[in-house]
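These notes are about the structure you will find just below.
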Amino acid sequence: MVEYSIWETILLSVLGIIAVFIVLAVLMLFIKVITFVSRVAGGKEKPATPAASDKLAAYAKGSCGDVKLHNVPDKDAAMIMAIVADKLKTPLNELRFISIKMIGE
Amino acid sequence: MHMIRDIIFGLWESSGLAGIADPRQIIMILISCFLLYLGIKKKFEPLLLVGIAFGMLLTNLPMSGLYHPEFWSLAEVNYSDVFHSGGLLDFLYIGVKTGIYPSLIFLGVGAMTDFGPMLSNPKSLLLGAAAQLGIYCALILAIVLGFPGNVAAAIAIIGGADGPTAIYVTKILAPEYLGPIAIAAYSYMALIPLIQPPIMRALTTQKEREIKMDQLREVSKLEKIIFPIAVTIFTVLILPSVAPLIGCLMLGNLFRECGVTDRLSDTAQNALMNIVTIFLGVSVGATAIYSRFLSLDTIKIIFIGLFAFSFSTVGGLLFGKLMCRLSKGKINPLIGSAGVSAVPMAARVSQIEGQKANPSNFLLMHAMGPNVAGVIGSAVAAGFLLYIYG
Numbered sequence: 000m001v002e003y004s005i006w007e008t009i010l011l012s013v014l015g016i017i018a019v020f021i022v023l024a025v026l027m028l029f030i031k032v033i034t035f036v037s038r039v040a041g042g043k044e045k046p047a048t049p050a051a052s053d054k055l056a057a058y059a060k061g062s063c064g065d066v067k068l069h070n071v072p073d074k075d076a077a078m079i080m081a082i083v084a085d086k087l088k089t090p091l092n093e094l095r096f097i098s099i100k101m102i103g104e
Numbered sequence: 000m001h002m003i004r005d006i007i008f009g010l011w012e013s014s015g016l017a018g019i020a021d022p023r024q025i026i027m028i029l030i031s032c033f034l035l036y037l038g039i040k041k042k043f044e045p046l047l048l049v050g051i052a053f054g055m056l057l058t059n060l061p062m063s064g065l066y067h068p069e070f071w072s073l074a075e076v077n078y079s080d081v082f083h084s085g086g087l088l089d090f091l092y093i094g095v096k097t098g099i100y101p102s103l104i105f106l107g108v109g110a111m112t113d114f115g116p117m118l119s120n121p122k123s124l125l126l127g128a129a130a131q132l133g134i135y136c137a138l139i140l141a142i143v144l145g146f147p148g149n150v151a152a153a154i155a156i157i158g159g160a161d162g163p164t165a166i167y168v169t170k171i172l173a174p175e176y177l178g179p180i181a182i183a184a185y186s187y188m189a190l191i192p193l194i195q196p197p198i199m200r201a202l203t204t205q206k207e208r209e210i211k212m213d214q215l216r217e218v219s220k221l222e223k224i225i226f227p228i229a230v231t232i233f234t235v236l237i238l239p240s241v242a243p244l245i246g247c248l249m250l251g252n253l254f255r256e257c258g259v260t261d262r263l264s265d266t267a268q269n270a271l272m273n274i275v276t277i278f279l280g281v282s283v284g285a286t287a288i289y290s291r292f293l294s295l296d297t298i299k300i301i302f303i304g305l306f307a308f309s310f311s312t313v314g315g316l317l318f319g320k321l322m323c324r325l326s327k328g329k330i331n332p333l334i335g336s337a338g339v340s341a342v343p344m345a346a347r348v349s350q351i352e353g354q355k356a357n358p359s360n361f362l363l364m365h366a367m368g369p370n371v372a373g374v375i376g377s378a379v380a381a382g383f384l385l386y387i388y389g
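Here you go:
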């Protein structure tokens, strides 16, 4: 077996850490390719973009999403939504209000 | 009267007490009892340390005949001698000598590891690479302290903070040092919560430690399935010498992720892992025989091991700081120290230190990325050392 001097060992060590960096850096690029391929191949199972029905289901659990108010104070909007929920006999968190617009005084 | 005297004399002569020829045997028995105390009472890596310490105890009890170091010190092991006159621990040691146990441990580790955090943030692989710095610093130090190259490489791998890799490399490069190197590696892994925090605080500012990182994206099942297959092909093509380790690690992970081998994954994670851990611990402990263990070299190995662990932590942290700068403060450098393998202890230390600086900080999943990357990084470093000194 070859024995290396201290200077050669230092050089080998630098080479060694560079080798680890290169292998893991290439692996990093490899993972990026895998991610890209899996996104293309299995687009439907992408967890980051839930289906529309999932979105609605998510809203139904605790929130009805954002409602756009056009010239309506928050207090009046809250009252309108409560009245609608009461009339429909449906819990407020199962309704989705998209916008409330003031038509005229 | 003569008969009774002869029987008593014969009993004494055949007892282990009469076989104590060297006071170092008693010192080794005391050391193994101390290691048992550390494992049981202080919970220092108990799953392995208890087995190692007990193996050490058995091998140093005189006339037990469980382990014969002379069988294993030959350049070419004569297995017919081992099968004819070997003791129990000789038979168990075959698994270490042939590299079966570290590979099977990696199979279990792979089945227990979720590579998701690393897949969602591939940059963490670079932190896993930087945290191998200690291996190469320790290699230089070991050469300076007078160890031959192959032994220096085996000692240096302690810096990877990965027990099975350390055992795998040592049994190839310097089998006579297996006992002290394995004990140093596992003891320091258990001491990570004491070794790392002072270095982490010294090398990072309060502001850096407070950084909150963005939530990781979810990783699809397909990515998790492709990953072990692709890594095996890629890594083994580049470094064939680590094929047993990386191959088993990734096979275990594929069992876990593919979704159709749950029973195999369960066996690899539990039954197989536990059986191999027992065999590995006891047989590695058996190599710590008094004539080899009680030497100046052991003290040097323990010192170099601490040095290696510290420099691996420094490497990860400094690279973490660099990534923090480059990302304009989006990466908390504390996750860099988790790049030393020691899964999941090192990641937990990053989490604890991050939370001390900012109680609303949750770094655990971010630190798991470099942590599992460190396992691959130390295997790659081992492959490099095996290529150079093997």
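Chains as they are written, first to last, in numbering that gives the first Met the number 0: chain G, 0 to 104; chain C, 0 to 389.
Glycine included, each C-beta is placed from N, C-alpha and C at the ideal position.
Which parts of the stretch 130–193 of chain C are runs of the alpha helix (DSSP H), unbroken and 4 residues or longer, counting only runs that do not cross its ends?
-> 132–143, 148–155, 162–172 and 177–189
What is the DSSP secondary structure of serine 52/G, counted as helix, strand or coil?
-> Here serine 52/G scores only 47 on pLDDT, less than 50, and its place in the model should not be relied on; the value that follows carries that caveat. The answer is helix: DSSP assigns serine 52/G an H, G or I state.
Close Cβ partners of methionine 344/C (< 6 angstroms) along its chain, the five nearest in sequence each way excluded = Ile191
Rounded to whole angstroms, what's the CA-CA distance from serine 240/C to leucine 385/C? Just pull it up for me.
-> 7 angstroms
Considering only the beta carbon of each residue, do alanine 270/C and leucine 106/C sit closer than 9 angstroms?
-> no
Looking at the C-beta of glycine 148/C, does it have a partner C-beta in chain G at a distance below 9 angstroms?
-> yes
Beta carbon of valine 71/G nearer than 9 angstroms to that of phenylalanine 96/G | no
Is any beta-carbon of chain C found at less than 9 angstroms from that of glutamate 93/G?
-> no
From Val1/G, Lys88/G, Thr8/G and Val19/G, pick the residue whose C-alpha is nearest to that of glycine 382/C; which is it?
-> Val19/G
Would you mind listing the alpha helix (DSSP H) stretches within the stretch 32–100 of chain C that are 4+ residues and don't spill past its ends, in chain order?
-> 45–59, 68–71, 78–84 and 87–96
Exposed unless 16 or more other CB atoms sit within 10 angstroms - verdict on alanine 57/G | Confidence is the limiting factor: at alanine 57/G the pLDDT is only 47, short of 50, which leaves the residue's position unreliable, though a coordinate-based value still follows. Flag for alanine 57/G reads exposed.
Residue from Tyr388/C, Asn331/C and Gly376/C whose Cα sits closest to the Cα of valine 22/G | Gly376/C
Output, in sequence order along the chain, the residues in the stretch 218–232 of chain C whose CB is closer than 7 angstroms to any CB in chain G.
-> Ser219, Lys220, Leu221, Glu222, Ile225, Phe226, Ala229 and Val230
Using the beta-carbon of each residue, which ones in chain C are nearer than 7 angstroms to leucine 11/G?
-> Ile387
Thinking just about the alpha-carbon of each residue, which of Ala346/C, Ile334/C, His83/C and Tyr185/C is nearest to the one in alanine 430/C?
-> No information on residue 430/C is available, as it lies outside the stretch 0 to 389 that chain C covers here.
Grab me the residues of isoleucine 28/C's own chain with a C-beta within less than 8 angstroms of its C-beta, minus the 5 sequence neighbours each way, in chain order.
-> Leu56, Asn59 and Leu60
Output yes or no for whether 9 angstroms exceeds the beta carbon distance between proline 369/C and threonine 34/G.
-> no
In chain G, which residues lie with their C-beta within 8 angstroms of the C-beta of leucine 118/C?
-> Ile30, Ile33 and Thr34
What residues in the stretch 79–90 of chain G bring their beta carbon closer than 8 angstroms to a beta carbon of chain C?
-> none
Which runs of the alpha helix (DSSP H) spanning at least 4 residues fall entirely within the stretch 279–364 of chain C, listed in chain order?
-> 289–292, 295–325 and 344–356
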